[in-house]
Amino acid sequence: MPTEFQRTVNYTWPQGYAGAIASANPRRSVISPEAGFRVGSSGLVIAAFAWVNQDGMTVSNTGSGKPTGFVHRDQQGLTTQYLQGATMSIPAGFAVTLSSGGDYWALSQTDATVGQSVYASTKDGTLQTAAPGSAPQNTVDTGWIVTQGAPAGTEIIITGPITA
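Converting from the sequence shown to the working numbering requires adding 10 to each position, the first position being numbered 1.
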């Protein structure tokens, strides 16, 4: 992440930013406990999948089984490092909202094509895409699909189920 003041101005906007809402279509948030979800001791990366820990309250980017939701980019991060320009992380102990459905911009570590399944790394919640039923190693199926593809490392649109 940048740790300095802005030095350039872009003349055109990118299509989207990883973790941002990609459409005006319906969205779903994961129902949280009464006190809300809190980020676990390791912090949380935005634009990745996350799991609710066994305490039912803390959330982390590591887990097993289907992830609880996608960490969307909605002013959830906090710039805490001195002169830090931006961040895609949420510090430990802070409140967090997870998305369980809707259309979001994301970065995939693999080339993505429309209709592929979205898989989450159980080690860090990052995304990979592949044909349905062809989970890459150390990933789990999220139930989300690719609705706008792109080469690896560039923004794609993923769509999560709108029904529970």
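Ideal Cβ placement from N, Cα and C applies to all residues, glycine included.
Give the DSSP-derived three-state secondary structure of residue i in the structure shown.
| i | result |
| --- | --- |
| residue 11 | For residue 11, the pLDDT reaches just 48, beneath the cut-off of 50, and the residue's location in the model is therefore unreliable, although a value from the coordinates is still provided. Residue 11: coil per DSSP, three-state reduction. |
| residue 131 | strand |
| residue 114 | strand |
| residue 143 | coil |
| residue 156 | strand |
| residue 121 | coil |
| residue 164 | coil |
| residue 25 | coil |
| residue 138 | strand |
Within the same chain, show all residues whose beta-carbon is closer than 6 Å to that of residue i, passing over the 5 residues directly before and after it, in chain order.
| i | result |
| --- | --- |
| residue 117 | 28 |
| residue 102 | 49, 51, 53 |
| residue 30 | 83, 115 |
Kindly list the residues whose CB is nearer than 7 Å to the CB of residue i, restricted to its own chain and excluding five residues on each side of it in sequence; keep chain order.
| i | result |
| --- | --- |
| residue 18 | none |
| residue 73 | 61, 132 |
| residue 57 | 28, 29, 81, 83, 98, 116, 117 |
With burial defined as no fewer than 16 other Cβ atoms inside 10 Å of the residue's Cβ, what is the status of residue i: buried or exposed?
| i | result |
| --- | --- |
| residue 22 | exposed |
| residue 77 | buried |
| residue 166 | buried |
| residue 113 | buried |
Under the DSSP definition of a beta bridge, which residues are partnered with residue i?
| i | result |
| --- | --- |
| residue 107 | Answer by DSSP bridge pairing: none, since residue 107 is not bridged. |
| residue 150 | 130 |
Counting only C-beta atoms, is residue i closer than 8 Å to chain C at any point?
| i | result |
| --- | --- |
| residue 162 | The displayed structure is made up of one protein chain only, and chain C is not part of it. |
Does the beta-carbon of residue i, which I'm using as the reference point, lie nearer than 7 Å to any heavy atom of the ligand GDP?
| i | result |
| --- | --- |
| residue 49 | No copy of the ligand GDP occurs in the structure displayed, which carries no ligand at all. |
Return the chain-ordered list of same chain residues with a C-beta closer than 8 Å to the C-beta of residue i, the five sequence neighbours on each side being excluded.
| i | result |
| --- | --- |
| residue 175 | This structure does not reach residue 175, given that the chain is present from 11 up to 174, and the question cannot be answered. |
With a floor of 3 residues, list each beta strand (DSSP E) that falls wholly inside the segment 27 to 105, ordered by position along the chain. The beta strand (DSSP E) runs lying completely inside the segment 27 to 105 and spanning 3 residues or more are 47 to 49, 59 to 62, 68 to 70, given in chain order.
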